[in-house]
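Below you'll find the structure, written out as structure tokens, and then a few comments.
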Amino acid sequence: MSALIEAPGDRLLAAVRALLEAKGIATPEEIAQRIEQTDRASPAGGARMVARAWTDPAYRALLLRDGAQAAEVMGIHMRGLPPLGVLENTAEVHHLVVCTLCSCYPRGVLGYPPFWFKSPGYRARAVRDPRGVMAEWGTVLPDAIRISVVDSTADYRWMVLPRRPAGTDGWDEAQLAAVVREGDMIGVTVPAA
Amino acid sequence: MMLAPGSAVRVRDDWPEARGPCHIRTPHYLRGRTGTVVRHLGDFPNPEDLAFARPAARLPLYHVAFAPQTVWPDAGGTEILVELYEPWLEPA
Chain A
1 MSALIEAPGD RLLAAVRALL EAKGIATPEE IAQRIEQTDR ASPAGGARMV
51 ARAWTDPAYR ALLLRDGAQA AEVMGIHMRG LPPLGVLENT AEVHHLVVCT
101 LCSCYPRGVL GYPPFWFKSP GYRARAVRDP RGVMAEWGTV LPDAIRISVV
151 DSTADYRWMV LPRRPAGTDG WDEAQLAAVV REGDMIGVTV PAA
Chain H
1 MMLAPGSAVR VRDDWPEARG PCHIRTPHYL RGRTGTVVRH LGDFPNPEDL
51 AFARPAARLP LYHVAFAPQT VWPDAGGTEI LVELYEPWLE PA
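These protein sequences, in sequence, are chains A and H. Each residue of the first sequence is one higher than the one before, starting from 1 at the first, in this note's numbering. Each residue of the second sequence is one higher than the one before, starting from 1 at the first, in this note's numbering.
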């Protein structure tokens, strides 16, 4: 084991890639395609889905029923990725996503996780003191709103559908998507017009 | 066994990590705690076997809700919603 860990990273990577091809698990083209897909994903993808859900009730229903299919509809490829669950924030409940075990994150629709999402501090505190964590982001919700912390431990990845901010009546999808940030879809922040 | 939404369940107070190498997706803070099944999310290969390249049976996976105050008296949220595999759950 220690010999593996000490091997130069690029030699080890080349060996693993050669084995994947030799064993027929993945071709170099498939690996290149997946890297490209992973690098291309960003919060802009999730933001487009949120904006569509705010303007199209049928799309909103699809998004809440099957997030991966809703992503595909928007041209975001989810093949080979875990199922995507979408949690809707309402006047009654606000969701906050964390992975206390590691850093499970809906990469297909939000891209690479922000550094703090993987930090021991966020992971430990989000489950125990969600309002305190959110307050540090400037997010203070009324006491009457229930806080549901979603600990992403297994086969699903979770994204939050935030509430549409006031003052956005008549906005088109592109305008709406522009106000949706990464943190809004994790639940540490809420979008503002 | 297929657990219905609303079922009260207790997470097994089991610590496989004390017995040897393992890969566990059930957070420490929930072992021995009681929660409520919210919904069946689907059936997925057991990650505890997948991690060691062993044949993995498909297990029912549930969303289970816990009152945070039963875990930490000073906890602030209303609920913690967690994905848990059926073998970790027992009737409460």
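Just so it is clear, CB atoms sit at the ideal spot from N, CA and C, and this is done for glycine as well.
Which whole-angstrom value describes the C-beta separation of residue i and residue j, a residue pair presumed to lie in contact below a C-beta threshold of 8 angstroms?
| i | j | result |
| --- | --- | --- |
| residue 3/H | residue 89/H | 7 angstroms |
| residue 13/H | residue 32/H | 3 angstroms |
| residue 133/A | residue 188/A | 7 angstroms |
| residue 151/A | residue 190/A | The Cβ separation is near 21 angstroms, so there is no contact. |
| residue 43/H | residue 58/H | 4 angstroms |
| residue 45/H | residue 56/H | 4 angstroms |
I'd like to know whether the C-beta atoms of residue i and residue j end up nearer to each other than 8 angstroms.
| i | j | result |
| --- | --- | --- |
| residue 79/H | residue 67/H | yes |
| residue 81/A | residue 108/A | yes |
| residue 202/A | residue 52/A | Outside the shown range of chain A, which is 1 to 193, sits residue 202/A, and nothing can be said about it. |
| residue 6/H | residue 130/A | no |
| residue 81/H | residue 65/H | yes |
| residue 86/A | residue 111/A | no |
| residue 182/A | residue 83/A | no |
| residue 47/H | residue 154/A | yes |
| residue 39/H | residue 92/H | no |
| residue 8/A | residue 185/A | no |
| residue 177/A | residue 47/A | yes |
Counting only C-beta atoms, is residue i closer than 8 angstroms to chain H at any point?
| i | result |
| --- | --- |
| residue 112/A | no |
| residue 127/A | yes |
| residue 68/A | no |
| residue 90/A | no |
| residue 139/A | no |
| residue 108/A | no |
| residue 148/A | yes |
| residue 165/A | no |
| residue 100/A | yes |
| residue 71/A | no |
Is any beta-carbon of chain A found at less than 8 angstroms from that of residue i?
| i | result |
| --- | --- |
| residue 31/H | no |
| residue 81/H | yes |
| residue 51/H | no |
| residue 92/H | no |
| residue 21/H | no |
| residue 73/H | no |
| residue 61/H | yes |
| residue 25/H | yes |
| residue 3/H | no |
| residue 70/H | no |
| residue 36/H | no |
| residue 6/H | no |
| residue 41/H | yes |
| residue 47/H | yes |
CB-CB under 7 angstroms to residue i, same chain, minus the five flanking residues each way: which ones, in chain order?
| i | result |
| --- | --- |
| residue 49/A | 63, 70, 71, 74, 109 |
| residue 87/H | 59 |
| residue 193/A | 165, 166, 167, 168, 179 |
| residue 89/A | 95, 160, 161, 162, 163 |
Quick one: residues in its chain with C-beta nearer than 6 angstroms to the C-beta of residue i, no 5 flanking neighbours on either side, listed in chain order?
| i | result |
| --- | --- |
| residue 135/A | none |
| residue 60/A | 53 |
| residue 141/A | 94 |
For residue i, which residues of its own chain have a beta-carbon under 8 angstroms away from its beta-carbon, when the five flanking residues on both sides are left out?
| i | result |
| --- | --- |
| residue 6/A | none |
Segment contact, 8 angstroms Cβ cut-off, at least three pairs: the region 97–105 of chain A with the region 21–38 of chain H: yes
Three-pair Cβ contact test at 8 angstroms for the region 25–35 of chain A versus the region 157–170 of chain A: no
Meets three-Cβ-pair contact criterion under 8 angstroms: the region 85–93 of chain A and the region 140–156 of chain A: yes
Stretch pair the region 163–177 of chain A + the region 52–72 of chain A: three plus CB contacts closer than 8 angstroms: yes
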